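Residue numbers (my numbering), protein chains in the order written: chain X, 5 to 306; chain G, 1068 to 1365. Even for Gly, the Cβ is constructed at its ideal location relative to N, Cα and C. Keep in mind that this is a model prediction, so the values were computed, not measured.
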């Protein structure tokens, strides 16, 4: 999604002149076009993310729209207090962009993964999170963020290979209809359902995609499905704490919706202490492949 | 301690800022403002039974210098050492930005003037500071933002010396020097005391001027309680800014709790409120010191 993001921001820059792009010294062979286009509005702040976030707050105070780019944990966790105090408390429209949400950086290991970024950002006031799913989503999310008066976090990941027509980026989208179980997911991990090699199982699943946090009110169609089907599965490439499962559980309780089963599929971290690709880590957490299939079969069967 | 009025050029040369800047009348007027600001915030601290008195006494002259002898209406000040905000509130009353009666709500329930700078939308307080190590970055962002707009504005940031422990302060210093943000002035309230002791015992900062110069700052040292010295430092900074080759930093050598014997140069003056006798003593000592200054001026 990184290339889509760069193209989207260049397009946005051509339409409005208040953008400032800042990088925490990452983006080799990816953001050079941004540098060429943005001129003095391209700032490499160095490996100094705390300063970068406070600089962005100052820039926003002066009427600019700063976009801050780094590897996800370095743009949301390292400068967390600066985000809270200088950006969110002051309701400033600073746009954080984290590449490699979840296990996106794969074999680079745990330091470069972001399994708690959504939880961390969800806890903040005046912050909206954008989680694109497909390549076209990125440009649409960037366009939404550009007019969103709140601070934002854009979680980039690898594009999900989802077959068929998909509606434009939105807070809620139904990706497919299904007979028995309602699945709600965030981000490209949803693509793993389409690779299970089990058409009968896939037919069972009605799949919904969340695009933004805080969760917007559930669409009536989704509420009706949950009421009728009674089995809910959430999936996210993120720890359980603070993630989609907790957010949806709370939303259901608020509406008085009580499914007969509620299963949160989420990142388990590093249970074996071993490392691998993004896909390898997803499989170890039961978010892909045979592990995911087995967990879904259990939900559908029970 | 380094001599007042020394300045270190960004290339490492050592110079002297010079003496005698400003007229005697100007210096006397500034001293009178400082005396008035101090009386206002001492009353606030007494009414609130609150601490951080030493922090405000440390920087009162610096705030008065900026408000009355340096900043223009389009300029911006960030008090990174937010725990001295009582001095800033008092200054804003002195400057007719806030109403005097607002100070009576300091520390009160439901106040708009809490113990550290609030998110309040006041142009004079652009950020809620006081979490140490943020101010210089915020100021640099605003300075960069004004430069991108092509606006001729100046930005002033007052940090404590204790917050020079924070890595983020040095991230900001690298950035300000690298981008040559000459529309920014960094003032350091060098009272040599931080939360739990003397800076040189907790996490030594010296040689501070050499550190800043090596980062690329034009460094001016001054006596932070003497308007003669502060005006000379201002002029040295203006001169350096006009050259446009390096951002400027002023190390204002100050005394925490300055001017009040039981508070001077003590860690306790960061924390403790005054009882009735101490408050009276503080007022008496400030008044007699000010009277002496006026006599000298005449």
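Taken in chain order, the members of the segment 58–81 of chain X whose beta-carbon sits within less than 9 Å of a beta-carbon on chain G are 58, 59, 60, 61, 62, 63, 64, 65, 66, 67, 68 and 70. Interface annotation for the segment 1180–1214 of chain G against chain X: 1186, 1193, 1194, 1195, 1198, 1200, 1201, 1204, 1205, 1206, 1207, 1208, 1209, 1210, 1211, 1212 and 1213, criterion Cβ-Cβ distance under 8 Å. Under DSSP, residue 56/X forms no beta bridge with any residue. Its chain contains 61, 98 and 155 as the residues whose beta carbon lies nearer than 6 Å to that of residue 91/X, once the 5 sequence neighbours on both sides are disregarded; these appear in chain order.
DSSP places residue 1105/G in the helix class (H, G or I) of the three-state scheme. For the set 195/X, 17/X, 34/X and 32/X, the Cα lying nearest the Cα of residue 44/X is the one of 17/X. Annotation: residue 41/X has no Cβ neighbours in chain G at a cutoff of 7 Å; minimum Cβ distance is about 15 Å.
Here residue 1287/G is actually not in contact with residue 1269/G; their C-beta atoms are around 25 Å apart, not less than 8 Å.
For the segment 153–165 of chain X, the set of positions with a beta-carbon nearer than 8 Å to some beta-carbon of chain G is empty.
A contact between stretches requires three or more CB pairs, one per stretch, nearer than 8 Å, and the segment 1129–1149 of chain G meets this requirement with the segment 1211–1224 of chain G. At least one CB of chain G lies nearer than 8 Å to the CB of residue 94/X. Going by beta carbons, residue 132/X and residue 238/X fall outside the 8 Å limit. For residue 89/X, the closest Cβ of chain G is nearer than 8 Å. About 31 Å separates the beta carbons of residue 235/X and residue 281/X, which is beyond the 8 Å limit, so they are not a contact pair. In chain X, no part has a C-beta under 7 Å from the C-beta of residue 1147/G; the shortest such distance is about 10 Å. For residue 1208/G, the closest alpha carbon among the candidates 54/X, 210/X, 231/X and 162/X is that of 54/X.
Interface with chain G (8 Å Cβ-Cβ cutoff): residue 45/X is included. Counting along the chain, residue 180/X sits inside the beta strand (DSSP E) bounded by residues 176–180. Assigned with DSSP and collapsed to three states, residue 1137/G falls in coil, not helix or strand. Residue contact with chain X for residue 1282/G: absent (no Cβ-Cβ distance below 8 Å to any residue of chain X). For residue 1116/G, the number of other beta carbons within 10 angstroms of its own is below 16, and it is reported as exposed. Remark: C-beta atoms of residue 146/X and residue 13/X approach each other more closely than 8 Å. Here residue 1322/G is actually not in contact with residue 1357/G; their C-beta atoms are around 16 Å apart, not less than 8 Å. Under the Cβ distance rule, residue 1155/G does not count among the residues neighbouring chain X, no pair being separated by less than 8 Å. For residue 99/X, the enclosing beta strand (DSSP E) starts and ends at 99–103.
Residue-level contact check: residue 1150/G does not touch chain X, since none of the beta carbons of chain X fall below 8 Å from its beta carbon. For residue 231/X, no pairing in a beta bridge is given by DSSP. At a Cβ-Cβ threshold of 8 Å, residue 298/X and residue 288/X do not count as neighbours. Within a 10 Å sphere around the beta-carbon of residue 286/X sit 16 or more other beta-carbons, which makes this residue buried.
Residues of the segment 1222–1240 of chain G whose Cβ lies closer than 8 Å to any Cβ of chain X, in chain order: 1234, 1235, 1238 and 1239. Residue burial is scored here from C-beta neighbours: residue 183/X has fewer than 16 other C-beta atoms within 10 angstroms and is therefore classed as exposed. In the displayed model, residue 156/X falls within a strand according to three-state DSSP. Nearest to residue 6/X by alpha-carbon distance, out of 41/X, 124/X, 66/X and 158/X, is 158/X. Residue 1105/G counts as buried, since at least 16 other C-beta atoms from the protein chains shown sit within 10 angstroms of its C-beta. Around the beta carbon of residue 1186/G, fewer than 16 other beta carbons sit within 10 angstroms, so the residue counts as exposed. The residue among 1097/G, 1089/G and 1112/G with its C-alpha nearest the C-alpha of residue 1346/G is 1112/G.
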